[in-house]
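Position 30 of the sequence shown, counting from 1, maps to 30 under full-length UniProt numbering, and the rest follow consecutively. Where is the CB? At the ideal position from N, CA and C, for every residue including glycine. Taking it in order: structure first as C-alpha cells, then the write-up.
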Amino acid sequence: MMQALALAILLVTASTGTDAVTGDSKHIQHLHNLCRLVALKQITALPGDVSEISPAETEELEKINISLANPEWKATFATQAAEKKQSKPECTPPANKPQCSQQYAKWEDLWVQVHATEDSKKEYLLPKSKLMSPEGRAAAVSVQALLVEAREVQEAYNSYRKSALTHEDGTAHQLIHEAIFGTSKQTDLAQTECAVTLTGNRGNDCGGKPGKQALCATLVCICAQDTTQDKELCGAAASRSGPTGWNNAQKPTMWQPILSVCKNYPKPSPTAQQINQLISTALAAAERKNTGGDHVTLGKSGNDGSCAATSGKGCIQLTDTGSTTAAAPTGKLAWKEKLEKAADEIKIHENVAARREAAIQRIQQLKKHAKHLIAALTNSLPDAATQTISTQKPPNEATFARNSRGMPEA
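Put into C-alpha cells, the structure is as follows:
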C-alpha cells in the first residue's frame, strides 16, 4: 500500500513540474491508474482452500462408528492386514446385500486400523458389556447419526463446489491476462507481449476496437510517441522517443517502456472488491469533448474528440457516438468486461472457500461429539448407568444448516 502511494506521489510530482502547453507528462495519472490494473497480472493464486473434502475428514468418525458396532457382527472382520478376507460374506436382509458387499472391505479396513497400534486400541476398543449396555447402544445410534450428517455435509459441499467452479469463461488468472495483453485463454501466462494488432492509423485504432481491446493497447494509445505525437505524455520512462511511426511493427517499441513502469507496481489485493474499485478509479478520469462529436475519452483528445495522431494528444474513445445523436454508442471496453468477469470468478472462489471452511468446522464439531460419546462410555462404571453420555447433536447444527442454505440467523 505504501509502495503504491509512493509511486502515485512521484508520478503526480513529476506531472506538476511539466509544461501543460507542451503536453509532457499530462497523462501521468492515467498511467498510474492503469498500471495498478496491469499489476493484477501478479495474482497467480487466490487465498482460501477450494479443494474437495476427502473421505479422510470423516475417517475418525468411521472408526468410532465401527468401534461401537455390535461385537458379534464384527467378529468376522480381520484385525490385521494379512488376515483380511478375500471373499465377502452374505449380508442380511437380502435387500442390503449389494450395499453390504460394497462396504465390507471398507469396514474391515477400518477395523484393521483400530487394531493397528496400542494407542488406537486404547482409544477405540471397548468390552462387550459396555457395547451392549443401553448406554452403549444409545451411543452407537447417536454416532451413526453424526456420521450420516458428516457425509451429507461433505457431499453437499463437494456438489456445490463442482457446479460453482466451472470457469466457463476461463479462470480469474486467464481473464486478467487476457484483459491486460489481449490473449484469449492463454496457457503461457508468463507472456507479456501486447497481442492487439495495430493498423497504420492511430485515430482508427484508438478511436475504435483495438484501443479498447486490452489494457496494453489503451496504454499505448494514451502514452506512446510516434512521429506525429512527439510528447512524453506519460513521462520520460513510459513515453520514450524511438518509435518511427504508428503501426504493428512499432508496437513493441511503444509497449515495452510502458510495461517497464507498470511492472514495478505492487500486487493488489486479490479480491473482487479491489478489482472493481481499480476499474472505477481508472474510468473516473474520463473526459468529454463537446465539439461536434460529443465524445467521451480516456486521455486528451483533439477539440473534435478524435484520438488521431496529434502532438501532445493521446486517448481512447469510450463511446463512438454521443448525446448529439439518437444512435446508441457502439463498441465496448473489452478489457473492462474481462476484468469484471475475473472479479466474478474471484468472488465465486471466495464463496466456495467460505463454504468449505464452514463444512470442515461442522465435521469437526460432529467428530468432537462422537469422541465425547466413546470417551464417556469408556470411562463409565462397568455395571452402572452412564449418566454423562449425552446423545444430543452439537447445538449449532441448525445454524450450520441455515448458513449452508444461505439463510440468515433467526
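Neighbour-count burial assignment, Arg-356, 16 or more Cβ in a 10 Å radius: In the sequence shown, counting from the first residue as 1, residue 356 sits at position 356. Buried, because 16 or more other Cβ atoms sit within 10 Å of the Cβ of Arg-356.
Candidates Lys-63, Gly-314 and Asp-49, of which the one nearest Thr-228 by Cα: What you label residue 228 is simply residue 228 of the sequence shown in a count that begins at 1. Checked all of Lys-63, Gly-314 and Asp-49; the closest Cα to Thr-228 is Gly-314.
Pairwise C-alpha distance: Cys-307 and Val-21: Mapped onto the sequence shown, residue 21 falls at position 21. Mapped onto the sequence shown, residue 307 falls at position 307. Below a pLDDT of 50, predicted positions are generally treated as unreliable, and Val-21, at 38, falls in that range; the measurement from the model is reported next regardless. The alpha-carbon atoms of Val-21 and Cys-307 are separated by roughly 18 Å.
Span separating the alpha-carbon of residue 439 from that of Gly-203: Residue 439 lies beyond the range of the chain shown here (1 to 410); nothing can be said about it.
Same chain, Cβ closer than 6 Å to Arg-402, neighbours up to 5 away in sequence not counted: Here the question's residue 402 lines up with position 402 in the sequence shown. Per-residue confidence for Arg-402 stands at a pLDDT of 41, beneath the threshold of 50, marking its modelled position as unreliable; the derived number appears in the next sentence. There are no such residues.
Whole-number beta carbon distance between Cys-223 and Cys-234, since they are thought to touch under 8 Å: Translated into positions along the sequence shown, residue 234 becomes position 234. Translated into positions along the sequence shown, residue 223 becomes position 223. Correct: roughly 4 Å between the Cβ atoms.
For Gln-213 and Leu-333, the rounded distance between their alpha carbons: As a working mapping, residue 333 is identified with position 333 in the sequence shown. As a working mapping, residue 213 is identified with position 213 in the sequence shown. Each residue's alpha carbon lies about 6 Å from the other.
Pairwise C-alpha distance: Gln-250 and Thr-244: Numbered from 1 along the sequence shown, position 244 holds the residue referred to as residue 244. Numbered from 1 along the sequence shown, position 250 holds the residue referred to as residue 250. Their Cα atoms are separated by approximately 7 Å.
Cβ distance (whole Å) where Leu-366 is taken to contact Glu-149 below 8 Å: The count along the sequence shown starts at 1 and reaches residue 366 at position 366. The count along the sequence shown starts at 1 and reaches residue 149 at position 149. So it is a contact: roughly 6 Å between Cβ atoms.
Simplified DSSP assignment, three categories, for Val-50: Locating residue 50 in the sequence shown gives position 50, where the first residue counts as 1. Coil, per DSSP.
Runs of beta strand (DSSP E) wholly within the region 201-281 (minimum 3 residues, chain order): none
Chain-order list of residues whose beta-carbon lies under 8 Å from that of Val-352 (same chain, five-residue window excluded): As a working note, residue 352 is residue 352 in the sequence shown. So the qualifying residues of the chain are Gly-48, Val-50, Tyr-160, Arg-161, Ala-164 and Leu-165.
Assigned exposure category for Asp-205 - 16 Cβ within 10 Å defines buried: Taking the first residue of the sequence shown as 1, we reach residue 205 at position 205. Asp-205 should be labelled buried.
Spatial distance of Ser-67 from Tyr-124 (CA atoms): Position 67 of the sequence shown, counted from the start, is the residue given in the question as residue 67. Position 124 of the sequence shown, counted from the start, is the residue given in the question as residue 124. When rounded, the distance between both Cα atoms is 6 Å.
As assigned by DSSP and simplified to three states, the class of Glu-287: Here residue 287 is taken as the residue at index 287 of the sequence shown, counted from 1. Correct three-state label for Glu-287: strand.
Buried/exposed call for Asp-188, threshold 16 Cβ in 10 Å: Within the sequence shown, the letter at position 188 stands for residue 188. It counts as exposed.
Lys-338 classed as buried or exposed, judged by whether at least 16 other C-beta atoms fall within 10 angstroms: In the sequence shown, residue 338 corresponds to position 338, counting from 1. The residue in question, Lys-338, is buried, as its Cβ has 16 or more Cβ neighbours within 10 Å.
C-beta neighbour in chain C for Ala-249, strict 8 Å: Any reference to chain C falls outside this structure, which holds one protein chain only.
Cβ-Cβ separation, Gln-225 to Arg-239 (assumed contact under 8 Å), whole Å: Locating residue 239 in the sequence shown gives position 239, counting from the first residue. Locating residue 225 in the sequence shown gives position 225, counting from the first residue. This sequence places Ser at residue 239; Arg is not what is there. Contact flag correct, Cβ pair sits at about 6 Å.
Chain-order list of residues whose beta-carbon lies under 8 Å from that of Pro-158 (same chain, five-residue window excluded): Locating residue 158 in the sequence shown gives position 158, where the first residue counts as 1. First, the amino acid is wrong: residue 158 is Asn here, not Pro. So the list reads Glu-52 and Ile-53, once near-sequence residues are dropped.
Assigned exposure category for Glu-168 - 16 Cβ within 10 Å defines buried: Looking up residue 168 in the sequence shown gives position 168. Flag for Glu-168 reads exposed.
Buried or exposed (CB count within 10 angstroms, at least 16 for buried), Thr-319: Counted from its first residue, the sequence shown places residue 319 at position 319. That one is buried.
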